[in-house]
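Heads up: the structure comes next, in C-alpha cells.
Chains as they are written, first to last, in this note's numbering: chain U, 1 to 233; chain E, 1 to 93.
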C-alpha cells in the first residue's frame, strides 16, 4: 500500500488504453470518466486525460502522453467534495485532499510550485475537472462508494490488543464484534439509542452496592488505631 | 457502535469537524456510516487561511480515519447520558 499520490503509467497492452489493475487482490474498475483535466496542488491543469475509478484507487491517464499518469489510493484521500465556487477555482470540479506523511523539513509552498522536479508524494490537493460538469454529482457519488469500500485495514494483531479487551472484573462478558456491512443512516431514528442497553439486561441494571461489615475487611491500620484509642481511655 | 448510533441521532445538526491536518470544516451533518465517515452539507471552512481553495464546497465527504474531533452543538449533548453509554460500550455492551 503506497501512501499519497504517485506516478502510474501501467496500461494494458490491448490498445484500449485502460490501466492494469490488481485483479488478484480483487480490484475492480468502477467508473470511467473521459475528458477530465487534473490539477495537482497549485500546478496548472493537465489535459486531456481519462479518469479511471477502481475499487481501490483513482487513476488519471493522459490521452496524449502514454507515459504520463497519476494514481492515489482511496485510503489516502482524506476528503472529497464538489466545488462549484468560481472564487475557489475557475471551473466546477471535484476537489480532493490527499493525506501525506508529514516531514519536519516540509515547506508548505515549495512542493506545489511549477518547478522541474515534482515530488508527487507531497501533493496535498488535487482537482479533477470534467469537461462535462453535469457529471460532477455522479463522480462525487462514485468517490463516496469507493471510499466506503476502503476502510482502515484492521491488523489481526491489533484487534487482540484493542480497547475491546479492557478488563473490569473477573467475570467479564465476551466482546461482541461489529457489523461487517457499511450502512449509511441518513434519517433520524425515532428514539435515541443513548440510555438504552443493547439488549443485555444484566448491564442495564443499576449497580448494587455491596455492604460488607466483616471486621476482617477493615484496614489493618485502622484496627491498630482503634485499639490504641481504646487504650487511652 | 456507540458513536455511530450517537451521530445518527445528530443528523441534521450543525457540527464542526476538525481533521488531523488541523483543517476545521463546519457544516450540517448529512449522514454517517459505521466507519464514522462523515458527509457534510453547506460546508464552510473555519480557518480559511490554511486551505483557501475549498472555501465553499456544497457537500463534502470526510474519511473517518482523518477526523480528530467532531465539535457538537452544546445543546445537542447530554453529557451524563453519553458518559454512561460510553462506559457500558467499553465493557462490551
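C-beta atoms are modelled at their ideal positions from N, C-alpha and C, and glycine is treated no differently.
Everything numeric in this text was worked out from a predicted model, so none of it was measured.
For residue 61 (chain E), no alpha helix (DSSP H) run applies; the uninterrupted beta strand (DSSP E) run containing it begins and ends at 59 to 62, by DSSP. Under the 10 Å beta carbon count, residue 69 (chain E) is surrounded by fewer than 16 other beta carbons and is classified as exposed. Nearest Cα to residue 90 (chain U) within the set U:216, U:13, U:45: U:45.
Contact check for residue 31 (chain U) against residue 129 (chain U) fails: the beta carbons are separated by 8 Å or more.
The C-beta of residue 38 (chain U) comes no closer than 8 Å to any C-beta of chain E. At least 8 Å separates the beta-carbon of residue 78 (chain U) from that of residue 95 (chain U). At a C-beta separation below 7 Å, residue 31 (chain U) has no neighbours in chain E, since its nearest C-beta there lies roughly 15 Å away.
A buried status is given to residue 76 (chain U), since no fewer than 16 other beta-carbon atoms sit within 10 Å of its beta-carbon. Looking at the DSSP output, residue 19 (chain U) shares a beta bridge with U:11.
One thing to note: residue 146 (chain U) has its Cβ no nearer than 8 Å to the Cβ of residue 61 (chain E).
Proximity of chain E to residue 146 (chain U) at the Cβ level (cut-off 8 Å) is not reached, the minimal Cβ distance being about 10 Å. The alpha-carbon separation between residue 45 (chain E) and residue 124 (chain U) amounts to approximately 16 Å. Proximity to residue 33 (chain E) across U:26, U:214, U:218, U:151 peaks at U:151, based on C-alpha coordinates.
Between residue 63 (chain U) and residue 50 (chain U), the CB-CB gap stays under 8 Å. Each of U:43, U:133, U:97, U:13 was checked against the Cα of residue 21 (chain E), and the nearest Cα belongs to U:97.
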